Ligand code: HMG
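In this note's numbering, the protein residues as written are 47 to 436.
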């Protein structure tokens, strides 16, 4: 039986900043951000969107009523959780009207959470072929204004439906993973911004990629020429390029893999880091934009979550992949965003629910998305479905 990704959707904020503007404001050469880091634009998330609404808005694009009844597991990968106890998955399940006979929970391991979710979903559907599992990956990447990490911020959500006989990617079911206790990036519970040892984190990422890739090759006897493309977790798009270069060297497959990599970073360069969702936005970017994917082509996926966990796994393109259908909603979203000046971004960046728990109401009239965060009352977050007026 084939199990894999049947549907995939992406959502981000309607606001962005341009990396040339940010470089100019920070006294850097724009080419450092555009070429050295590989980012062109960065999503800026308004206070009326959080990981719950980002994920609900993404999943809303792909789920029909039959899906909502068939889903028996909702897995939410995030490191931007909105509660220390209650999972973001329960909120999304309720907002979308997904049936209540479901397991619904959140997974955390930095940017890796959604990959754990996909592997769990794969095992579950393999055992229960009629099941459908909704895997959500949503985050808001924050390092702070005027920090070296600022150019690698961003945010958004990817929603994926894992089923038997999928329409997009059939997972191979083999994967290689590696973990170690490493302080490259972390966010203590009292902070809104991450702490990071930036250069060390990039070295660890490459080390974990090499380890898991070598382990995967030893396990499967598959090598570079068995792959049409490799999609990477992309905290910034140059990171994936560095990792790919570390294994392709002058291998005959190098040119093809480097060409496909360019398709896989198109969307990420316009959005920035969305932590758990980053690898899956890159996969979507590849599927939507590549001019050369054929049924049966094998795609590698490298997932990395600081702290640190790495995993390399793979899947094959399904016969009637409809690239245009995948590209249209993302292009529409990204082409219709509002550009903020750097001072408008700095103001928006500092907005949010007060940290002291007091009641608060946001002005939601400017947020035209279906699901919005309206504020907080009596320590309860107030979500609104503007379509159904609840
Ligand atoms: P930095 O120190 O400001 O940048 O911070 P740099 O000096 O290293 O320069 C960056 C690149 O730009 C270099 O290229 C320069 O040569 C080049 P490289 O040598 O690396 O190939 N450059 C130029 N290129 C063209 N024209 C120019 C120019 N000037 C310089 N004029 C850093 C960079 C990434 C460290 C920083 O932004 C940071 O700390 N970011 C956050 C951490 C991060 O994203 N780490 C990635 C790996 S860890 C990970 O992926 C997990 C994560 O997603 C979290 C999670 O798991 O939850 C972060």
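Even glycine gets a Cβ: it sits at the ideal position worked out from N, Cα and C. Everything numeric in this text was worked out from a predicted model, so none of it was measured.
Problem set entry | Any heavy atom of the ligand HMG nearer than 5 angstroms to the CB - residues listed | 75, 77, 78, 81, 82, 156, 157, 194, 195, 198, 231, 242, 244, 247, 248, 251, 281, 321, 351 and 352
Exercise. Residues in its own chain within less than 6 angstroms of residue 52 by CB, not counting five upstream and five downstream?
Worked result: 207, 209, 212 and 213
Problem set entry | Straight-line gap, residue 399 to residue 378 (C-alpha atoms, nearest Å) | In this model, residue 399 and residue 378 are separated by some 30 angstroms (Cα to Cα).
For this session: With distances taken Cα to Cα, identify the nearest neighbour of residue 89 among 321, 249 and 127.
Result: 321
Exercise. Does the separation of the CB atoms of residue 117 and residue 215 fall below 8 angstroms?
Worked result: no
Exercise. Alpha carbon to alpha carbon, what distance is there between residue 110 and residue 176?
Worked result: 16 angstroms
Problem set entry | As assigned by DSSP and simplified to three states, the class of residue 323 | helix
Problem set entry | Beta-carbon gap between residue 165 and residue 150 smaller than 8 angstroms | no
Exercise. Which runs of the alpha helix (DSSP H) spanning at least 4 residues fall entirely within the region 153 to 231, listed in chain order?
Worked result: Given a length threshold of 4 residues, each whole run of the alpha helix (DSSP H) inside the region 153 to 231 is given here in chain order: 159 to 173.
Problem set entry | the region 386 to 403 in contact with the region 52 to 68 per 3-pair CB rule at 8 angstroms | yes
Exercise. Whole-angstrom Cβ separation of residue 309 and residue 349, contact assumed at under 8 angstroms?
Worked result: Rounded, the Cβ-Cβ distance is 19 angstroms, inconsistent with contact.
Problem set entry | CA-to-CA distance, residue 190 to residue 238, given in whole angstroms | 9 angstroms
Problem set entry | Sequence-distant residues of the same chain with beta carbon closer than 7 angstroms to residue 133, five excluded per side | 122, 150, 151 and 152
Exercise. Less than 8 angstroms separating the beta-carbons of residue 202 and residue 333?
Worked result: no
Problem set entry | Test item: CB-CB of residue 114 and residue 136 under 8 angstroms | no
For this session: Please decide whether residue 90 counts as near chain C, where near means a Cβ-Cβ distance under 8 angstroms.
Result: The chain labelled as chain C is not found in the depicted structure, where only one protein chain is given.
Exercise. Taking C-beta to C-beta, are residue 105 and residue 205 nearer than 8 angstroms?
Worked result: yes
Exercise. In three-state DSSP terms, what is residue 338?
Worked result: coil
For this session: Drop a sphere of 10 angstroms on the beta-carbon of residue 317, count the other beta-carbons inside from all chains shown, and report buried for 16 or more, exposed for fewer.
Result: buried
For this session: Below 8 angstroms on the Cβ atoms is my guess for residue 346 versus residue 217; work out the distance and round it to an integer in Å.
Result: With 8 angstroms as the limit, residue 346 and residue 217 do not qualify as a contact, their Cβ atoms being about 12 angstroms apart.
For this session: Pull up the CB-CB distance for residue 287 and residue 84, whole angstroms please, since I reckon it's below 8 angstroms.
Result: 7 angstroms
Exercise. Sorted by chain position, which residues of the same chain lie with C-beta nearer than 6 angstroms to residue 340's C-beta, five sequence neighbours on each side aside?
Worked result: none
Exercise. Between the region 264 to 273 and the region 299 to 315, are three or more C-beta pairs nearer than 8 angstroms?
Worked result: yes
Exercise. Using DSSP with H/G/I as helix, E/B as strand and the rest coil, what is residue 236?
Worked result: coil
Problem set entry | Where the alpha helix (DSSP H) through residue 106 begins and ends | 97 to 106
Problem set entry | Inter-residue CB distance, residue 358 and residue 222 (contact presumed, cutoff 8 angstroms) | 5 angstroms
Problem set entry | Whether residue 427 touches residue 419 by CB criterion (8 angstroms) | yes
Problem set entry | Terminal residues of the beta strand (DSSP E) in which residue 346 lies | 344 to 351
Problem set entry | Limits of the unbroken alpha helix (DSSP H) element including residue 134 | 134 to 142
For this session: Look at the alpha carbon of residue 430 and the alpha carbon of residue 188, and state the distance between them as a whole number of angstroms.
Result: Roughly 25 angstroms separates the two Cα atoms.
Problem set entry | Endpoints, the beta strand (DSSP E) within which residue 405 is located | Here residue 405 belongs to no beta strand (DSSP E), and DSSP marks it neither H nor E.
Problem set entry | Chain-order list of residues whose beta-carbon lies under 7 angstroms from that of residue 155 (same chain, five-residue window excluded) | Counting only residues of its own chain and dropping the five nearest sequence neighbours on each side, residue 155 has a CB closer than 7 angstroms to the CB of 162, 351, 353 and 355.
For this session: Counting only the same chain and skipping the five closest in sequence on each side, list residues whose C-beta sits under 6 angstroms from that of residue 94.
Result: Cβ neighbours of residue 94 beyond the five flanking positions: 408, 410, 413, 418 and 419.
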